[in-house]
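Residue numbers (our numbering), protein chains in the order written: chain A, 529 to 823; chain B, 747 to 1004.
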């Protein structure tokens, strides 16, 4: 018997991350850039030429300097080094994204799995609640929440989280409902597992794949939303070097000092793009219905 | 009787789907339960596992295991019986395993759930795999790395490892090709001898039932219409329905198979 084993070597065997990345150059590039952004955020204090400029330092003699070797991204109206500020902005944006997505998963996934696997009244009640949240555009709802709170990065994070979790609940529900109907869940019951344990150890882990994809693709979305809130004045406040706020502050000078808007804007664009590509790449790899690699 | 059903009635709302006066499986006996789709075979198996209620059915009557009544036990007591004393294997062996766990993990978890210490669990799993004529290395595989026949053997090995006394086999060979089917049947026969297992074999495949079962019961619309020694029932069916079932089997007739 053992010599007739079917080992499908075209599916990536566990542990061959290198092979996986080699077959998906787009995913590899996105993962590398994503990692680079995380490293830049982590080591910002070491990389930034003028760390103090990320805060409220002022240099009255150096205002509005165009990009040069000394100030790569130029300086702002009070003489702060834009490169240092944009670099520190990476920290804020990635932290906001991480917190929003973590909160959304922690709140949304258990609710969604419970709704999908238990069905009935639980499902109806939970899904109608998420429907109420999903009825409004995420940005509009976040804007509404943020504007009743004191404007700050923390409160913007809370506002975005409140609008973000229903997507995860919805996604987890669909997946859990399909997993709960599969035969191995019946096997769990037949083996004497309690319903709670079946849910936690078998339905939940088998429902996570789309959550992982969604989470990585959402980093870009959260960063855009956070930047939008700051741009509109209900998020980060000066001197926080938040990208959206930097764009907002720079727009008054856009026609004469282009670098004030361009660099933070490019940072937003690049980060959102990288994480969207990462999400797309992961979906291609993790979704078994799509053919991976060589045709 | 090892497993005995008496006056068992299962209904969804007002609709009675199973109505069995008396049916049972003796120690070390293999009993076939045959009938067309929807005749109540699988529902009967679910009831024995105590899962009919979870499927939304109401149940009355008696199901006893070694004389102990199972109907009316609370969920905790039932979970102790399920898996440990009564095991079940199903039609699609590959999808009966959670894809995120290695086969070995499934064994260790199931054994620990029923109170076997961790150290002993691994040894028992390896022993059980040898018992169903598989290499213990298979415990390191994920379900997608198994063939259908291997997966079904492993499902049976799980029952061996748990030292189950009764095995409910719900169409265990229907999804397998004929050679693998024959191997599984041989394996069930062997386990009956070596592990002293009683088997309730649910199938619509009369050829397989003829090869394997000591006794057979024919179900139709929830009732047992005929039962007796396999040889007698399949050779001289008393009921018109049994004759119809036999006539529906492709040419390798019951006369030659039995």
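C-beta: ideal position from N, C-alpha, C; glycine also.
On the DSSP bridge assignment, give the partners of residue i in chain order.
i                      : result
residue 990 of chain B : In DSSP, residue 990 of chain B forms no bridge with anything.
residue 633 of chain A : For residue 633 of chain A, which the question treats as bridged, DSSP gives no partner whatsoever.
residue 795 of chain A : In the DSSP output, where bridge partners are listed per residue, residue 795 of chain A has none listed.
residue 758 of chain B : B:761
residue 768 of chain B : B:752
residue 779 of chain B : B:948 and B:963
residue 835 of chain B : B:915
residue 754 of chain A : DSSP lists no partner for residue 754 of chain A.
residue 811 of chain B : B:749 and B:814
residue 974 of chain B : B:962
Verify whether the separation of the beta carbon atoms of residue i and residue j is less than 8 Å.
i                      : j                      : result
residue 700 of chain A : residue 675 of chain A : no
residue 749 of chain A : residue 763 of chain A : no
residue 810 of chain A : residue 744 of chain A : yes
residue 947 of chain B : residue 756 of chain B : no
residue 685 of chain A : residue 627 of chain A : yes
residue 753 of chain A : residue 670 of chain A : yes
residue 618 of chain A : residue 572 of chain A : yes
residue 871 of chain B : residue 907 of chain B : yes
residue 987 of chain B : residue 966 of chain B : yes
residue 944 of chain B : residue 773 of chain B : yes
residue 554 of chain A : residue 774 of chain A : no
residue 841 of chain B : residue 711 of chain A : yes
residue 878 of chain B : residue 899 of chain B : yes
residue 591 of chain A : residue 607 of chain A : yes
residue 667 of chain A : residue 795 of chain A : no
residue 664 of chain A : residue 687 of chain A : no
residue 914 of chain B : residue 952 of chain B : no
residue 740 of chain A : residue 646 of chain A : no
Please report the Cβ distance between residue i and residue j, rounded to the nearest whole angstrom; I am assuming they are in contact, meaning their Cβ atoms lie under 8 Å.
i                      : j                      : result
residue 790 of chain B : residue 779 of chain B : 7 Å
residue 786 of chain B : residue 763 of chain B : 5 Å
residue 832 of chain B : residue 901 of chain B : In fact, because the Cβ distance is near 14 Å, the residues do not count as touching under 8 Å.
residue 970 of chain B : residue 843 of chain B : Not quite, the Cβ-Cβ distance comes to about 33 Å (not below 8 Å), so this is no contact.
residue 624 of chain A : residue 791 of chain A : Contact flag wrong, Cβ pair sits at about 19 Å.
residue 802 of chain B : residue 816 of chain B : With a Cβ gap of about 19 Å, residue 802 of chain B and residue 816 of chain B do not count as contacting.
residue 657 of chain A : residue 768 of chain A : In fact, because the Cβ distance is near 33 Å, the residues do not count as touching under 8 Å.
residue 610 of chain A : residue 788 of chain A : 7 Å
residue 704 of chain A : residue 644 of chain A : 3 Å
residue 749 of chain B : residue 811 of chain B : 6 Å
residue 904 of chain B : residue 850 of chain B : Going by Cβ atoms, the distance from residue 904 of chain B to residue 850 of chain B rounds to 11 Å, so no, they are not a contact pair.
residue 697 of chain A : residue 636 of chain A : 4 Å
Given that a residue counts as buried once 16 or more other Cβ atoms are within 10 Å of its Cβ, and exposed if not, what is residue i?
i                      : result
residue 632 of chain A : buried
residue 470 of chain A : For chain A, the structure presents residues 529 to 823; residue 470 of chain A sits outside this window and is missing.
residue 761 of chain B : exposed
residue 630 of chain A : exposed
residue 598 of chain A : exposed
residue 574 of chain A : exposed
residue 823 of chain B : exposed
residue 730 of chain A : buried
residue 917 of chain B : buried
residue 876 of chain B : exposed
residue 544 of chain A : exposed
residue 578 of chain A : buried
residue 853 of chain B : buried
residue 779 of chain A : exposed
residue 847 of chain B : buried
residue 660 of chain A : exposed
residue 982 of chain B : exposed
residue 563 of chain A : exposed
residue 724 of chain A : exposed
residue 682 of chain A : exposed
residue 880 of chain B : buried
residue 534 of chain A : Since pLDDT at residue 534 of chain A reaches only 41, below the 50 mark, its modelled position is unreliable, and the value read off the structure follows with that caveat. Burial call: exposed.
residue 594 of chain A : exposed
residue 689 of chain A : buried
residue 570 of chain A : exposed
residue 807 of chain A : buried
residue 820 of chain B : exposed
residue 694 of chain A : buried
residue 758 of chain B : exposed
Check each candidate in the options and name the one with the smallest Cα separation from residue i.
i                      : options                       : result
residue 861 of chain B : B:882, B:896 and B:829        : B:829
residue 802 of chain A : A:812, A:557 and A:779        : A:557
residue 616 of chain A : A:651, A:568, A:690 and A:644 : A:568
residue 934 of chain B : B:866, B:912 and B:793        : B:912
residue 709 of chain A : A:813, A:586 and A:727        : A:727
residue 751 of chain B : B:990, B:963, B:979 and B:991 : B:963
residue 783 of chain B : B:849, B:968 and B:929        : B:968
residue 662 of chain A : A:777, A:692 and A:549        : A:692
residue 576 of chain A : A:732, A:634, A:600 and A:786 : A:600
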